[in-house]
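Counting from 1, one number per residue, gives the positions in the sequence shown under full-length UniProt numbering.
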Amino acid sequence: MSREIHDIFVIGGGINGCGIARDAVGRGYSVALAEMNDFASGTSSGATKLIHGGLRYLEHYEFRLVRESLMEREILWAMAPHIIWPLRFVLPYHKGGIRPAWLIRLGLFLYDHLGGRKLLPPTSVLDMRSDPAGKPLKALFAKAFEYSDGWVDDARMVVLNARDAADKGATIMPRTKVVSARRENGVWHIETTDTLTGRNDSYQARMLVNAAGPWVDHVIRSAFGQNEAHHVRLVQGSHIVVKKKFDDPRAYFFQNPDNRIIFAIPYEGDFTLIGTTDRDYTADPRDVRISEEETVYLCNAASEYFKEPVKPEDIVWTYSAVRPLYDDGASKAQEATRDYVLKLEGEGKPAPLLNVFGGKLTTYRRLSEHALEKIGAAIGVKGAPWTAKSHLPGGDFPVKGYEAEVAKLKRGYPFLTDPHARRLVRRYGTKAEVLLGDARGIDDLGRLFGGDLYEAEVKYLAEHEWARHGEDVLWRRTKDGLRLSKEQAQSLEEYMAAMPAMAG
């Protein structure tokens, strides 16, 4: 049992939980965090991986959310220029389409001017008969609108928030399930179980933050024994990854006849990511899988635009996640609010509880700041907001300095191929040099598991980023699962199973 009484105990190791833990410990609070699985193993690794204002949210009049999201794009890009970068989106238009041109122009005008854009280029109009963006599309699109948003390696953003929180003194515990939480003598008493070893532990905290994502209501019911918890609307979003459909570095924004939109995005160099779907979900979030209906829907929707149809046999990977949206009573899943709601229970009393509902990748930093305002009101203010000018680990280089970082890494480690160096900087930024250490040749990186995934990188991920299984490495810390065969993935799993458990 831990005798220390933490200021804050956070349940949930997705983007919201890790973001709150990082912000809080940076202000001087003592913080512990428990995640029952691996970081970003739920919603946070199953998004479309965009840092975006949410152009389609304007149709639902979510101006506060869109403005906050637009303002956050450049703040997050500066925080983590290794895992976040700008992306131009092409929105094809044809007469008689879903939305009239004036409405699209109005939306994009608001998009350009609501959020204090400084670095990202403004909207432009393209002639699709001459612009390269028109080449992979059917000839019926003569015009398109092009606008800016951002791309993020979502799972890495989560683990880097956890890493920075730990570096600042937080107790960070993946694979640790909270089995009960009760108020006693003015503090929370929290019982946990290590899901790998079965070891039980106890913690105490002045305040509890429930950021369990799709499981937030489940935690309220099971850990706290409150049976009437129904705050979350679970919405399934699924994506498909296919072999590269186009060479253009821009992404596409497609409007469907059912009023939904899907994106087609350049992905991991050799692939195209297509998604997402929106449908209500009622089963266990752990069991979420893409359905045949969703697969057909995404293939058909993309095929309405691309000259070369997208077929189910083109798919190399799929992923699904459940978005825990705050239940605002919207009739359709795609109309449910993407905004976040923070509910404080027990304000003014000992051992308050903060429940976190909803949210999205783009607004996690502001959600964390708003959570800290409520935490300060409940247990006393410590420190000031600090994350807007901060860097995530490895992100301490200029916002447009990626190419210079790649060149620097290649000078220091001339044995690296250009694609390998680029991937390392994209994943680790300035921390790539820590990973490579004093290596003088490729053999110094140890065993090759496949692609350009070497033993040195696997060890780094185990020692610094809590990776414990092959899946943690192949699908969350990296996306090398797209490049390794089943046999190579199994070999990595066996290697990691034989490694001593490392604390991260």
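Note that the Cβ used here is the ideal one computed from N, Cα and C, for glycine as well.
In this structure, methionine 157 lies near isoleucine 15, with their beta-carbon atoms less than 8 Å apart.
Annotation for leucine 325: the continuous beta strand (DSSP E) segment containing it runs 315-326.
Contact annotation, valine 209 with leucine 361: C-beta distance approximately 19 Å; criterion of less than 8 Å not satisfied. With respect to proline 174, phenylalanine 39 sits close: the two C-beta atoms are nearer than 8 Å.
Annotated as distal: serine 320 and alanine 155, with beta-carbon spacing of 8 Å or more.
In this structure, threonine 123 and tyrosine 147 form a Cβ contact; the two beta carbons are roughly 5 Å apart against a cut-off of 8 Å. Unbroken beta strand (DSSP E) stretches of 3 residues or longer found wholly inside the region 418-467: 448-450, given in chain order.
Here the region 69-86 lies against the region 377-392, with 3 or more beta-carbon pairs under 8 Å apart. The region 245-255 and the region 453-473 do not touch, with fewer than three beta-carbon pairs separated by less than 8 Å. Cβ-Cβ distances below 7 Å link tryptophan 215 to Pro285 in the same chain, with the five nearest sequence neighbours on each side left out; the list follows chain order.
Taking a contact as a CB-CB distance under 8 Å, the pair leucine 65 and arginine 233 does not count as one, their CB atoms being some 16 Å apart. When secondary structure is reduced to three states using DSSP, methionine 499 falls in the coil class, being assigned neither helix nor strand. As the crow flies, the alpha-carbon of aspartate 131 is around 22 Å from that of glycine 96. Note on serine 485: under 16 other CB atoms within 10 angstroms of its CB, so exposed under the neighbour-count rule. Nearest Cα to leucine 160 within the set Trp386, Tyr428, Arg447 and Asp270: Tyr428. Short of 7 Å from the beta carbon of arginine 67, and not among the five residues preceding or following it, lie these beta carbons of its own chain, in chain order: Leu114 and Gly115. If only uninterrupted alpha helix (DSSP H) runs of at least 4 residues are considered, those enclosed by the region 349-390 are 364-379. When secondary structure is reduced to three states using DSSP, alanine 212 falls in the coil class, being assigned neither helix nor strand. Segment contact: the region 19-28 against the region 369-380, three or more CB-CB distances shorter than 8 Å; contact assigned.
Closest in alpha carbon position to leucine 196, among Ile442, Ile20 and Glu35, is Glu35. With respect to the 8 Å criterion, arginine 206 and valine 187 are classified as neighbours on the basis of their beta carbons.
The straight-line gap separating the alpha-carbon atoms of isoleucine 240 and glycine 275 is approximately 7 Å. Between the C-alpha atoms of tyrosine 111 and histidine 52 there is a straight-line separation of about 10 Å. Taking C-beta atoms as the reference points, alanine 32 and tyrosine 203 count as a pair closer than 8 Å.
With contacts defined as CB atoms closer than 8 Å, valine 235 and valine 322 qualify as a contacting pair. In the DSSP assignment, no residue is bridged to tryptophan 102. Taking C-beta separations shorter than 7 Å and ignoring five residues to either side along the sequence, the partners of leucine 353 in its chain run Leu208, Asn210, Glu345 and Gly346, following chain order. CA-CA distance, isoleucine 442 to valine 425, rounds to 17 Å. The C-beta separation of glycine 19 from leucine 367 comes to about 7 Å, placing the pair in contact by the 8 Å criterion. In this structure, DSSP gives valine 406 a helical state, which the three-state scheme calls helix. For tryptophan 188, the enclosing beta strand (DSSP E) begins and ends at 187-194. Sequence-distant Cβ neighbours of leucine 120 in its own chain, meaning closer than 6 Å and more than five residues away, are Pro86 and Ser148. Secondary structure at methionine 207: strand, using DSSP grouped into helix, strand and coil. The beta carbon of glutamate 455 sits closer than 7 Å to those of Leu445, Gly446 and Arg447, all from its chain and outside the five residues before and after it, given in chain order. In this structure, Lys49 is the residue among Ser30, Asp7, Lys49 and Lys459 with its C-alpha nearest to the C-alpha of serine 238. Annotation for tyrosine 305: no beta strand (DSSP E) segment contains it, and DSSP assigns it neither H nor E.
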